[in-house]
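Enquirer: Using the working numbering, read the sequence shown as starting at 2 and increasing by one per residue. For every residue, glycine included, the Cβ atom is placed at its ideal position computed from N, Cα and C. Nothing here was measured: the structure is a model prediction, and the numbers come from that model. Attaching a single structure in structure tokens format; questions to follow.
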Amino acid sequence: MEQQTVLIISENKADHLVLRASLERAVPARFSLAAAESFDRPVEALLDPMIDAVIMAYGPETEYLLRLASKHEATSPLILLIDESDEHKAASLRELGAQDYLIRGELPDALVHRVLDYSIQLKKAREKIQQLSNRDSLTGALNRVGFRAHLERAMGRSERYGFNTALLYINIDQFANINDHYGEADGDIMIKSISRRLINKLRSSDSIARLGGDEFAVVLEDVSSVDDVETIAQKMLRSISAPMILSDQQVAVEASIGAAIYPEDGSEFPDLVEHARSAMQQAKSMNGGRYIRYSEKLAFDITGNTSLSAELRSAVRKNQFELHYQPRVDLPTGHLVGLEALLRWNHPERGIVYPGEFIAACEDMGLMRTIGYQVIQHACNAQAWLAKQRMQNVDVAVNISFSQIQEDRFVDIVKDIITRSGADASRLEFELTESTILKSTDSIKDRMNELRELGISFSLDDFGTGFSQLSHLTELPISALKIDACFVRDLPHNEHQEAVCTMIIEMGRRLGMLVVAEGAETHEQIEFLRDHQCQQVQGFYYSPAIPLQQLPRFVREQGLKRREPVFS
């Protein structure tokens with residue numbers, strides 16, 4: 002059995018003797034001991050990657066050490082050894098980062114072993130979740146979260162050591178046609194193949210991220226010259242355009258690449274990304290298959306059309322954004338019980354544009370606050386419309402960003418929207434992500450409590466992909482957990498996803514919270530989730546996001562499947 006290394010930090014020799022003896026009696030033998038009798042160099046000990054768990058005697062410096070461990074992002078679980086049971090003290094220490102506690106004089110082997118086993122298993126689960134949350138499940142490349150972290154680190158190194166970092170923003174030309182003609186399965190094969198081709202052109206210091214369905218970003222560190230960046234980009238274009246086989250047919254696509262160089266083309270993350278994206282859009286407007294580096298002249302392209310930034314600002318002014326609604330179905334009954342409002346851009350020339358093509362640009366440009374109020378207005382109008390259609394028992398969920406909920410006037414504006422629309426606030430749900438909560442837990446909690454007084458409920462979206470402490474689940478007024486689609490994708494054939502889903506469902510049940518699984522597409526996934534008592538599900542198995550006016554038809558079709566009355 003795999004050995005787990007336990008570090009004991011205590012100036013009391015009796016602690017070492019008692020705990021050592023307890024660990025040696027473990028059956029099967031699975032613990033090895035690393036001991037430190039003093040607090041010399043504690044941070045190095047707590048950050049040692051070879052340590053699986055730490056048992057630390059409580060003392061005058063404990064709170065200071067817990068803060069140090071938190072500041073340096075120590076991953077090993079910290080278990081405190083205290084003299085007597087004090088729930089108030091234990092709770093305060095857990096807030097500082099302690100995982101659990103043991104009491105001197107009350108150290109039966111079974112308890113010591115169970116606390117260590119649980120803490121170590123939880124650590125491994127968190128590490129697995131963190132790994133999954135930073136990687137794109139299809140290609141293994143960084144996802145948007147991992148990309149931002151890597152680019153910001155690269156920019157920091159550039160500033161410290163005085164070298165240039167280049168960002169390449171890559172879009173596959175006409176990729177939608179591949180999906181339409183060959184199907185999504187072959188589309189996924191193409192994306193994985195292109196990802197491998199790009200990786201083969203990178204140095205060990207470079208990184209690649211998949212930002213959306215057909216968009217990639219490449220971070221090139223320590224580039225010698227602008228010419229070197231162009232050389233690499235041209236190699237990537239040639240590699241991407243090489244034919245590949247899909248469904249026994251030879252297929253070839255091209256790509257558009259835009260580049261921005263730090264710090265010359267942007268000294269802040271949003272600027273650098275926006276400028277690289279603008280250059281890519283310019284390359285794409287010239288029939289694709291091109292590389293262009295950003296310059297301020299790209300504010301308008303050669304035909305006089307405005308850039309993406311200008312188009313988005315115009316879209317906000319003209320209220321071109323609308324909502325489609327993905328049904329949320331109660332698994333035991335098959336009834337429609339909720340809707341997630343998803344943003345769409347009704348472009349005057351391109352038609353419906355999905356958020357993957359514009360939402361990041363809106364966030365980088367600071368437009369999400371304004372768009373967010375338009376979304377809440379649309380959702381409240383929809384909720385009032387549903388009530389008139391005798392679907393008053395359907396919740397409408399809206400995604401809320403950090404910039405929105407932090408605004409001083411947010412609660413007052415939401416209250417005014419609810420009043421004017423005639424919506425039932427008790428049927429309105431705000432979805433927050435773990436990363437949003439983590440940015441300012443105390444202020445978010447206060448704002449959530451104000452909104453709860455209006456009747457609004459809260460769900461934690463993309464649960465398992467962030468880094469918030471589990472204590473947030475008990476401290477914040479959260480009534481539902483949403484399992485991210487990345488943990489549902491390969492059910493029931495992926496044991497890691499199965500373990501994560503089962504753990505989240507059980508956690509939600511014990512906390513009295515509703516659990517909603519996202520991204521369910523197959524009968525097997527539905528059966529797994531139903532067998533494990535997940536209450537609600539949304540995904541293509543039941544329906545994609547659809548316009549509001551199509552919902553009565555969806556409800557009728559669901560009723561026909563169950564051969565039951567469709568409206569209450």
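For the 8 Å Cβ check, are there 3 or more pairs between the region 473-483 and the region 438-452?
Expert: Verdict: yes, contact present.
Enquirer: Helix or strand or just coil, what does DSSP make of residue 113?
Expert: Helix at residue 113.
Enquirer: What three-state label does DSSP hand residue 201 in the structure shown?
Expert: Three-state DSSP puts residue 201 in coil, outside helix and strand.
Enquirer: If you pair each beta-carbon of the region 160-178 with each one of the region 101-112, do three or more pairs fall below 8 Å?
Expert: Not touching, per the Cβ criterion.
Enquirer: Please report how far the alpha carbon of residue 546 lies from the alpha carbon of residue 508, in whole angstroms.
Expert: Each residue's alpha carbon lies about 28 Å from the other.
Enquirer: Quick one: using the 10 Å Cβ neighbour count with 16 as the cut-off for buried, is residue 305 buried or exposed?
Expert: Confidence at residue 305 is low in this model, with a pLDDT of 38, below 50, so its placement is unreliable and no value can be given for it.
Enquirer: Counting Cβ pairs, one atom from each stretch, are 3 or more of them under 8 Å apart for the region 139-158 and the region 236-256?
Expert: As far as the Cβ criterion goes, the region 139-158 does not touch the region 236-256, which means the pair count is below three.
Enquirer: Return helix, strand or coil for residue 153, following the three-state DSSP convention.
Expert: Residue 153: helix per DSSP, three-state reduction.
Enquirer: Tell me the rounded alpha-carbon separation between residue 14 and residue 24.
Expert: Approximately 15 Å, taken between the alpha carbons.
Enquirer: Do you know how far the Cα of residue 135 is from the Cα of residue 469?
Expert: Unreliable positioning characterises residue 469 in this predicted model, as indicated by a pLDDT of 47, which lies under 50. The coordinate reading is nonetheless provided below. Approximately 15 Å, taken between the alpha carbons.
Enquirer: With a 10 Å radius around its C-beta and 16 neighbouring C-beta atoms as the bar for buried, classify residue 178 as buried or exposed.
Expert: With fewer than 16 other Cβ atoms within 10 Å, it is exposed.
Enquirer: Assuming residue 428 and residue 396 form a contact by the criterion Cβ under 8 Å, report the distance between their Cβ atoms to the nearest whole angstrom.
Expert: About 5 Å; that satisfies the 8 Å criterion.
Enquirer: Report the option in 366, 339 and 90 whose CA atom is closest to the CA atom of residue 481.
Expert: Looking at the Cα atoms, 339 is the closest of the given residues.
Enquirer: Report the rounded CA-to-CA distance for residue 283 versus residue 409, giving the unit in angstroms.
Expert: Cα to Cα, residue 283 sits roughly 38 Å from residue 409.
Enquirer: Just curious, the alpha helix (DSSP H) that residue 451 is in, first and last residue?
Expert: Here the alpha helix (DSSP H) through residue 451 covers 442-454.
Enquirer: What does DSSP give as the partner residue(s) for residue 354 in the beta ladder?
Expert: Residue 354 is bridged to 346.
Enquirer: Using three-state DSSP, classify residue 220 as helix, strand or coil.
Expert: In this structure, residue 220 counts as strand in the three-state DSSP scheme.
Enquirer: Helix, strand or coil: which one does DSSP assign to residue 396?
Expert: Three-state DSSP puts residue 396 in a strand.
Enquirer: Can you tell me which of the three DSSP states residue 529 falls into?
Expert: It is helical.
Enquirer: Going by DSSP in three states, residue 382 sits in which element: helix, strand or coil?
Expert: In the structure shown, residue 382 sits in a helix (DSSP, three-state: H, G or I).
Enquirer: So residue 464 and residue 505 are supposed to be a Cβ contact under 8 Å. How far apart are they, rounded?
Expert: Yes, residue 464 and residue 505 are in contact; Cβ-Cβ is about 6 Å, under 8 Å.
Enquirer: Could you tell me how far apart the beta carbons of residue 541 and residue 493 are, in whole angstroms, since I believe they sit closer than 8 Å?
Expert: Contact doesn't hold; Cβ gap of about 17 Å is too wide.
Enquirer: Give the straight-line distance between the Cα atoms of residue 514 and residue 460, rounded to the nearest whole angstrom.
Expert: If I take the Cα positions, the gap works out to 9 Å.
Enquirer: Do you know whose CA, among 160, 47, 126 and 49, lies nearest residue 267's CA?
Expert: It is 160.
Enquirer: Please check the pair residue 517 and residue 537, which I expect to be a contact at CB under 8 Å, by giving their CB distance rounded to whole angstroms.
Expert: Indeed, because the Cβ distance is near 4 Å, the residues count as touching under 8 Å.
Enquirer: By DSSP, does residue 5 sit in helix, in strand, or in coil?
Expert: The answer is strand: DSSP assigns residue 5 an E or B state.
Enquirer: Does the Cβ of residue 50 have 16 or more other Cβ atoms within 10 Å, making it buried, or fewer, making it exposed?
Expert: Burial call: exposed.
Enquirer: Kindly give me the distance between the Cβ atoms of residue 426 and residue 385, rounded to whole angstroms, as I take these residues to be in contact under 8 Å.
Expert: About 11 Å; that fails the 8 Å criterion.
Enquirer: Suppose contacts are defined by Cβ-Cβ distances below 8 Å. Is residue 105 in contact with residue 81 by that definition?
Expert: Taking 8 Å as the Cβ cut-off, residue 105 and residue 81 do not qualify as a contacting pair.
Enquirer: Terminal residues of the continuous alpha helix (DSSP H) containing residue 271?
Expert: Unbroken alpha helix (DSSP H) run through residue 271: 270-286.
Enquirer: Should residue 328 go down as buried or exposed, given a rule of 16 or more other Cβ atoms within 10 Å for buried?
Expert: So residue 328 ends up on the buried side.
Enquirer: CA-CA distance, residue 521 and residue 491?
Expert: So the two alpha carbons sit approximately 10 Å from each other.
Enquirer: Taking the beta strand (DSSP E) that residue 172 belongs to, which residues open and close that run?
Expert: 165-173 is the span of the beta strand (DSSP E), which, as asked, contains residue 172.
Enquirer: Does the distance from the CB of residue 98 to the CB of residue 67 come in under 8 Å?
Expert: Yes, the pair counts as a contact, with Cβ atoms nearer than the cut-off.
Enquirer: Would you list the one or two residues that DSSP bridges to residue 403?
Expert: Per DSSP, none; premise fails for residue 403.
Enquirer: Assign residue 61 to buried or exposed, taking buried as 16 or more other Cβ atoms, counted over all protein chains shown, within 10 Å of its Cβ.
Expert: Classification for residue 61: exposed.
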